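First residue of the sequence shown: 52, per our numbering; consecutive thereafter.
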Amino acid sequence: MDNNKLLEIKNLVVQYESDDSVVHAVNGVNLSFRSGETVGLVGETGAGKTTIARSILRILPSPQAEVVSGEILFEGEDLLKLSEKEMRKIRGNKIAMIFQDPMTALNPIERVGDQIAEAISLHNRVTPAEAEERAIKMLEMVGIPGSRYSEYPHQFSGGMKQRVVIAMALACKPELLLADEPTTALDVTIQAQVLELMKALKKQLNSCVLMITHDLGVVASICDSVAVIYAGEIVEYGSLADIFDYASHPYTKGLFASLPKLNSKERRLKPIKGLMPDPTNLPKGCSFCERCGYAKDICREKKPETIEMSPGHYVKCFLIEEVQNG
Ligand code: SF4
């Protein structure tokens with residue numbers, strides 16, 4: 052294994068099965084994270100972002116979800132092969148997750164400080180007093196006075212609750228933090244505060260972050276590299292500059308074209324026409340072909356391979372030269 056790689060996902064395929072259909076949620080994803088790096092995973096609702104994060108932590112709904120194939124190597128070990136007991140030592144400790152809605156992530160009838168202290172006690176040999184002391188420090192680290200340790204979630208605003216969730220996730224200084232749309236449920240000013248806080252804490256703890264979002268503004272403010280996901284496949288991957296300055300896949304270009312621009316005289320936004328394909332019935336060829344303005348017969352017949360456009364910048368498209376010239 053490359054020593055710089057903290058986590059490496061190889062050819063991950065995940066499906067959800069019901070009595071009469073199979074949802075192809077993640078279709079051959081490859082992704083790696085270097086220590087200290089923040090990777091943005093960007094895509095529409097239903098593209099497979101949360102399923103990837105849940106696969107890493109092995110908290111997919113059972114028995115409906117199944118990891119059909121692939122490897123998730125964390126510090127060289129395949130998480131998919133570990134026993135449940137071994138996974139419990141990693142979850143919340145070496146790998147932690149921040150969920151989208153802080154209200155459902157917190158227990159409404161437990162004091163917030165106790166919820167953080169519980170996470171600390173689970174993974175460390177500490178006395179209750181030491182756990183409480185560390186929990187107070189964590190609260191202060193995220194900008195909440197330690198004196199609020201004994202309060203309940205309903206006594207906090209939305210932004211403050213998300214800070215508590217962040218404190219809980221970071222309590223054991225995880226090496227990898229999975230942040231699933233951590234600011235989506237917050238209003239814009241609080242969003243900015245929470246992002247600033249995450250940036251500062253990440254620097255302090257040198258954690259690696261997977262930032263799941265559909266918001267390119269969030270990506271621009273916090274990520275080092277970006278993976279664009281469409282219908283369960285990474286269609287473009289590169290550094291922040293690769294994606295923002297040299298977006299190459301027609302879907303990525305479409306995402307940027309649909310954003311409002313301050314200096315544009317255009318009165319209407321340009322949305323990407325159509326919808327993502329039905330995940331129970333994906334197209335035979337390129338999964339974006341029904342919405343792509345460049346599509347040709349080959350796109351409907353075959354799946355495009357990933358090509359490296361420039362060092363570290365990867366795109367999955369047959370007609371990349373045409374797209375660039377167009
Ligand atoms: Fe569009 Fe074809 Fe490229 Fe798919 S492979 S994104 S359909 S041009």
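We put the beta carbon where it would ideally sit given N, CA and C, even for glycine.
Model, not experiment: these values are computed from the prediction.
When the options are compared against residue i, the one with the closest alpha-carbon
i      : options                           : result
His364 : Ala292, Leu313 and Arg142         : Ala292
Met138 : Met154, Arg109 and Ser309         : Arg109
Gly336 : Phe369, Ser208 and Leu248         : Phe369
Leu111 : Ala236, Glu135 and Ser72          : Glu135
Lys347 : Leu333, Asn332 and Ile371         : Ile371
Pro355 : Lys304, Leu313, Glu287 and Leu267 : Glu287
Leu1   : Leu248, Glu95, Val245 and Glu226  : The question about residue 1 has no answer here: the residues shown for the chain are numbered 52 through 377.
Ser106 : Thr89, Asp70, Ala147 and Pro362   : Ala147
Pro204 : Ile285, Lys224, Asn158 and Leu63  : Asn158
Val119 : Met189, Ile149, Lys61 and Lys145  : Lys61
Gln213 : Ala156, His265, Thr89 and Lys188  : Ala156
Thr234 : Thr303, Thr96, Asn257 and His265  : His265
Glu88  : Glu68, Val239, Lys250 and Lys140  : Lys250
Three-state secondary structure assigned by DSSP to residue i
i      : result
Met148 : strand
Cys259 : strand
Ala218 : helix
Gln66  : strand
Glu122 : strand
Met52  : Note on Met52: pLDDT 45, under 50, position unreliable in the model; the coordinate value appears next. Three-state result, Met52: coil.
Lys61  : strand
Leu173 : helix
Phe207 : coil
Lys212 : helix
Val270 : helix
Phe307 : helix
Lys367 : strand
Ile349 : helix
Ala116 : strand
Ser86  : coil
Leu291 : helix
Gly325 : coil
Thr264 : strand
Glu184 : helix
Same chain, Cβ closer than 7 Å to residue i, neighbours up to 5 away in sequence not counted
i      : result
Pro311 : Leu320
Tyr67  : Val74, Ala76, Gln115 and Ala116
Check whether residue i and residue j have beta carbons under 7 Å apart
i      : j      : result
Gly143 : Ala104 : no
Leu57  : Cys259 : yes
Pro330 : Val65  : no
Ile167 : Ala222 : yes
Val374 : Pro301 : yes
Leu246 : Ser208 : no
Val193 : Ala220 : no
Ile149 : Val216 : yes
Ala182 : Ser172 : yes
Lys224 : Leu256 : yes
Other residues of its chain near residue i: CB distance less than 6 Å, five sequence neighbours each side excluded
i      : result
Glu59  : Ser83 and Leu124
Asn55  : Arg85
Leu130 : Ile123
Ala298 : Lys304 and Phe307
Whole-Å CB distance - residue i paired with residue j, under 8 Å assumed
i      : j      : result
Val279 : Val93  : 5 Å
Val270 : Gly91  : 4 Å
Arg351 : Pro334 : 7 Å
Thr101 : Ile241 : With a Cβ gap of about 22 Å, Thr101 and Ile241 do not count as contacting.
Cβ-based neighbour list, residue i, same chain, cut-off 8 Å, excluding 5 preceding and 5 following
i      : result
Met52  : Confidence at Met52 is low in this model, with a pLDDT of 45, below 50, so its placement is unreliable and no value can be given for it.
Ala98  : Ile280, Tyr281, Ala282, Gly283 and Met327
Ser290 : Asp275, Ser276, Val277, Gly363 and His364
Gln151 : Asp231, Glu232, Pro233, Thr235 and Ala236
Glu341 : Gly325, Pro328 and Pro334
Chain D within 7 Å of residue i, Cβ atoms only
i     : result
Glu68 : You won't find chain D in this structure, because it holds only one protein chain.
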